[in-house]
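Here the first sequence stands for residues 154 to 626, where the numbers follow the working numbering.
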Amino acid sequence: MSLPVITRFAPSPTGYLHIGGARTALFNWVYAKRHGGKMLLRIEDTDRERSTEPAIAAILAGMTWLGLTWDGDAVSQYSRAARHREVAGQLLATGHAYYCYCSPQELDAMRAKAEAEKRPIRYDGTWRDRDPKDAPAGVAPVIRFKSPQGAETVINDNAQGRVVFANRDLDDLIILRSDGNPTYNLSVVVDDHDMDVTHIIRGVDHLTNAARQTQIYVAMGWQVPDMTHVPLIHGPDGAKLSKRHGALGVEAYRAMGYLPAALRNYLARLGWSHGDAEIFSTEQLVEWFDTKDIGQSAARFDFAKLENLNGHYIRHMADDELVTALLDFLPHAEGGAALLAMMTDTRRAQLTKAMGGLKQRAKTLVELMQGAMFLFAVRPLVMDEKARQIMADGGRDSLQAMLKLLEDSTAWTAAALEADVKAFAETQGMKLGKLAQPLRASLTGTSTSPPIFDVLEVLGRDESFARIKDQLG
RNA sequence: GCGCCCUUCGUCUAUCGGUUAGGACGACAGCCUUUCACGUUGUAAAGACGGGUUCGACUCCCGUAGGGCGCACCA
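What follows is the structure, encoded as structure tokens:
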């Protein structure tokens with residue numbers, strides 16, 4: 154009976170897709186999926202000064218990486234300017250708008266005066282009821298919306314509840330600039346209406362706009378869409394997202410080694426909840442999502458939790474899938490290109506084999522990459538400090554003896570090697586860990602690397618031993 | 001300054017008048033263990049403040065404080 158659900162994500166291409174925008178896109182996407190509807194994508198590029206092509210590309214790429222697909226082609230809002238002008242004309246014709254001949258300078262003065270007198274900063278309605286015949290010559294007018302006076306404008310918001318604005322607090326906003334281009338609030342209403350958008354999900358920073366837009370819908374006799382205003386995401390320090398953390402584009406999260414699925418899961422839990430559910434698939438999210446379960450207070454972005462979640466997703470991914478994910482990640486990682494250049498079928502096989510041990514100790518793809526460095530290590534290796542220490546302490550013989558044992562061993566599995574070496578360590582009166590650790594560190598050069606036996610088995614013992622021998626001289 | 005919104009462990013949150021206020025991350029401690037991890041067990045940790053309403057408030061109302069958003073010929 155009800156209309157098919159149509160949501161939209163409408164970013165302005167003045168920068169990358171930041172984390173708040175990504176969550177808004179996620180919610181719109183999930184909501185559409187939940188109701189078997191569509192999510193449209195509209196690029197709000199009416200600000201010709203600040204909109205850029207690279208920004209559009211970054212937004213599309215970010216959404217694609219996150220797996221948030223949109224229906225149909227992305228719509229350029231600017232391309233619809235003629236229709237916006239048409240509607241402005243209708244508003245003019247029906248008495249819901251009027252020409253205003255105030256110059257920008259006059260408006261600045263008006264604002265400054267209001268501020269000085271500590272009055273609300275609003276347009277004073279100078280031209281609201283003035284006869285256009287009084288218009289000063291040579292001034293290109295703007296068109297202002299005639300905001301209804303008296304009474305109030307009510308927003309029934311799924312997340313924010315019933316929000317009431319006194320109409321006197323909403324002044325006559327400009328809907329068409331003096332150069333004939335439409336402004337945001339007009340364009341949004343016209344586009345959402347024309348695109349048959351049924352549900353608007355966006356940040357609370359648009360709440361006041363929602364009131365102004367509602368007035369335009371009413372003036373045009375159009376149905377006001379269902380609205381949900383999502384609380385904002387703050388940086389770890391509680392203030393707004395700064396450049397150092399939250400304000401990063403999603404591509405930065407990609408470069409930090411986060412998985413799209415983990416980021417989706419994390420983002421969903423910021424401002425939305427489903428009982429005690431913490432870790433859930435996107436399918437479950439789609440099944441559970443309801444705008445009524447969105448909270449009202451802003452959330453801080455917590456990298457520690459994202460990292461934990463990401464580690465969980467890495468650990469639970471199949472080895473071959475993880476290898477694919479890692480390979481896809483490499484081009485976006487610092488130093489990743491070099492590794493990619495060294496990739497061979499042999500190394501790929503080794504990588505897959507090592508994945509079981511590697512993924513247990515990696516929280517991000519960056520750490521996974523670092524853990525796999527031993528596969529790319531080139532001689533001469535740098536001797537680990539602990540190994541040096543053990544040798545200095547007189548443990549040199551033990552290390553060499555262990556090496557001999559490994560060479561002589563007929564055991565070919567990590568478990569068998571382990572058993573042999575364990576027995577050996579006891580005869581030496583040394584703790585196995587004390588021997589194994591420096592060997593591993595010398596081989597891998599990292600602290601997040603897998604156990605020595607995994608390393609030996611993956612590399613093939615001959616090669617490993619040769620490397621270790623180089624080190625022990 | 002004006003308008004709107006928000007306020008439960010350090011962080012994300014559950015609770016929809018009656019709970020020992022629950023979970024997760026993080027922290028700390030124990031166990032597991034050849035290292036690092038993983039896993040596992042446990043501990044500490046919260047209703048901003050002040051008034052109401054009510055037999056009973058985290059939950060409803062008012063105020064205070066703090067925070068956020070908006071107030072462009074930006075979106």
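Every residue gets a Cβ at the ideal spot worked out from N, C-alpha and C, and that includes glycine.
Just so you know, these numbers come straight off a predicted model, no measurement behind them.
Verify whether the separation of the beta carbon atoms of A478 and M470 is less than 8 Å.
Walking along the first sequence from the start, residue 478 turns up at place 325. Walking along the first sequence from the start, residue 470 turns up at place 317. Their beta carbons are under 8 Å apart, which means A478 touches M470 by this criterion.
Are the CB atoms of G225 and L179 nearer to each other than 8 Å?
What you label residue 225 is simply residue 72 of the first sequence in a count that begins at 1. What you label residue 179 is simply residue 26 of the first sequence in a count that begins at 1. No.
Can you give me the start and stop residues for the alpha helix (DSSP H) that K266 sits inside?
Numbered from 1 along the first sequence, position 113 holds the residue referred to as residue 266. Start and end: P257 to A269.
For the region 348 to 396, list the alpha helix (DSSP H) runs that are entirely contained and at least 4 residues long, ordered along the chain.
Fully enclosed alpha helix (DSSP H) runs of 4 or longer: 360 to 373.
Please classify Q230 as buried or exposed, where buried requires at least 16 other C-beta atoms within 10 Å of its C-beta.
Translated into positions along the first sequence, residue 230 becomes position 77. With 16 or more other Cβ atoms within 10 Å, it is buried.
So G428 and P384 are supposed to be a Cβ contact under 8 Å. How far apart are they, rounded?
Start at 1 with the first residue of the first sequence, and residue 428 comes out as number 275. Start at 1 with the first residue of the first sequence, and residue 384 comes out as number 231. That pair is no contact at about 19 Å.
Based on Cα-Cα distance, which residue from A185, G374, R365 and Y411 lies nearest to V519?
Within the first sequence, the letter at position 366 stands for residue 519. Checked all of A185, G374, R365 and Y411; the closest Cα to V519 is Y411.
From the DSSP output, in three-state form, read off A232 for me.
In the first sequence, residue 232 corresponds to position 79, counting from 1. It is Ser, not Ala, that sits at residue 232 in the sequence shown. S232 falls in the helix class under three-state DSSP.
Is L156 buried or exposed, if buried means 16 or more other CB atoms sit within 10 Å of its CB?
Taking the first residue of the first sequence as 1, we reach residue 156 at position 3. The residue is exposed, with fewer than 16 neighbouring Cβ atoms inside 10 Å.
Using three-state DSSP, classify L194 as helix, strand or coil.
Taking the first sequence and counting its residues from 1, one reaches residue 194 at position 41. L194 falls in the strand class under three-state DSSP.
Report all residues from its chain with a CB closer than 8 Å to the CB of P273; omit the five preceding and five following residues, and keep chain order.
Within the first sequence, residue 273 is the residue found at index 120, counting from 1. Cβ within range, chain order: A267 and D322.
Give me the Cα-Cα distance between E259 and D481, rounded to the nearest whole angstrom.
As a working note, residue 259 is residue 106 in the first sequence. As a working note, residue 481 is residue 328 in the first sequence. Distance between the alpha carbons of E259 and D481: 56 Å.
Assuming N311 is part of the beta strand (DSSP E), what are its boundary residues?
Residue numbering aside, residue 311 sits at position 158 when the first sequence is read from its first letter. From DSSP, N311 is part of no beta strand (DSSP E); its letter is neither H nor E.
DSSP three-state label for Y411, please.
Counted from its first residue, the first sequence places residue 411 at position 258. Coil at Y411, not helix or strand.
If you check the beta carbons only, do I327 and R365 fall under 8 Å apart?
By 1-based counting over the first sequence, the position of residue 327 is 174. By 1-based counting over the first sequence, the position of residue 365 is 212. Contact flag unset, no.
Give the DSSP-derived three-state secondary structure of G173 in the structure shown.
Counting from 1 along the first sequence, the entry for residue 173 is found at position 20. Correct three-state label for G173: helix.
How many whole angstroms separate the CB atoms of H629 and A451, which I take to be in contact at a CB cut-off of 8 Å?
This structure leaves residue 629 out entirely; the chain is present only between 154 and 626.
Please name the residue, chosen from V158, S204, D198 and G215, that lies closest to P413 on a Cα-to-Cα basis.
Counting from one through the first sequence, the residue named residue 413 turns up at place 260. The shortest Cα separation from P413 among V158, S204, D198 and G215 belongs to G215.
What residue range is occupied by the uninterrupted beta strand (DSSP E) comprising R161?
On the first sequence, residue 161 is found 8 positions in, with the first residue counted as 1. Counting along the chain, the beta strand (DSSP E) containing R161 begins and ends at I159 to F162.
Would you tell me roughly how many angstroms separate the C-alpha atoms of A163 and V342, rounded to the nearest one?
Position 10 of the first sequence holds residue 163. Position 189 of the first sequence holds residue 342. Cα-Cα distance, rounded: 12 Å.
Hey, how far is the Cα of T160 from the Cα of R453?
As a working note, residue 160 is residue 7 in the first sequence. As a working note, residue 453 is residue 300 in the first sequence. Going by the C-alpha atoms only, they are around 26 Å apart.
Name, in chain order, the residues that DSSP records as bridge partners for V295.
In the first sequence, counting from the first residue as 1, residue 295 sits at position 142. Answer is C253, bridged to V295.
To the nearest angstrom, report how far apart D443 and A515 are at their CA atoms.
Residue numbering aside, residue 443 sits at position 290 when the first sequence is read from its first letter. Residue numbering aside, residue 515 sits at position 362 when the first sequence is read from its first letter. When rounded, the distance between both Cα atoms is 33 Å.
What's the C-alpha gap between S395 and L170?
Sequence index remark: in the first sequence, residue 395 carries index 242 (1-based). Sequence index remark: in the first sequence, residue 170 carries index 17 (1-based). Residue confidence for S395 is low, a pLDDT of 48 falling below 50, so the modelled location carries little weight and cannot support an answer.
Three or more C-beta pairs closer than 8 Å, one from the region 294 to 309 and one from the region 192 to 207: is that the case here?
The answer is no - the region 192 to 207 does not touch the region 294 to 309, with fewer than three Cβ pairs under 8 Å.
How many whole angstroms separate the CB atoms of T177 and G356, which I take to be in contact at a CB cut-off of 8 Å?
As a working mapping, residue 177 is identified with position 24 in the first sequence. As a working mapping, residue 356 is identified with position 203 in the first sequence. Right, their Cβ atoms sit about 6 Å apart.
So, are the CB atoms of P289 and Y252 less than 8 Å apart?
Here residue 289 refers to the residue found at position 136 when the first sequence is read from its first residue. Here residue 252 refers to the residue found at position 99 when the first sequence is read from its first residue. Contact flag unset, no.
In whole angstroms, what separates the C-alpha of R397 from that of E239?
Translated into the one-based positions of the first sequence, residue 397 becomes position 244. Translated into the one-based positions of the first sequence, residue 239 becomes position 86. Interpretation of R397 is limited by its pLDDT of 46, a score under 50 that renders its predicted location unreliable; no figure is taken from the coordinates.
In the DSSP output, which residue or residues are listed as bridge partners for R453?
Your numbering for residue 453 matches position 300 in the first sequence. R453 is bridged to H387.
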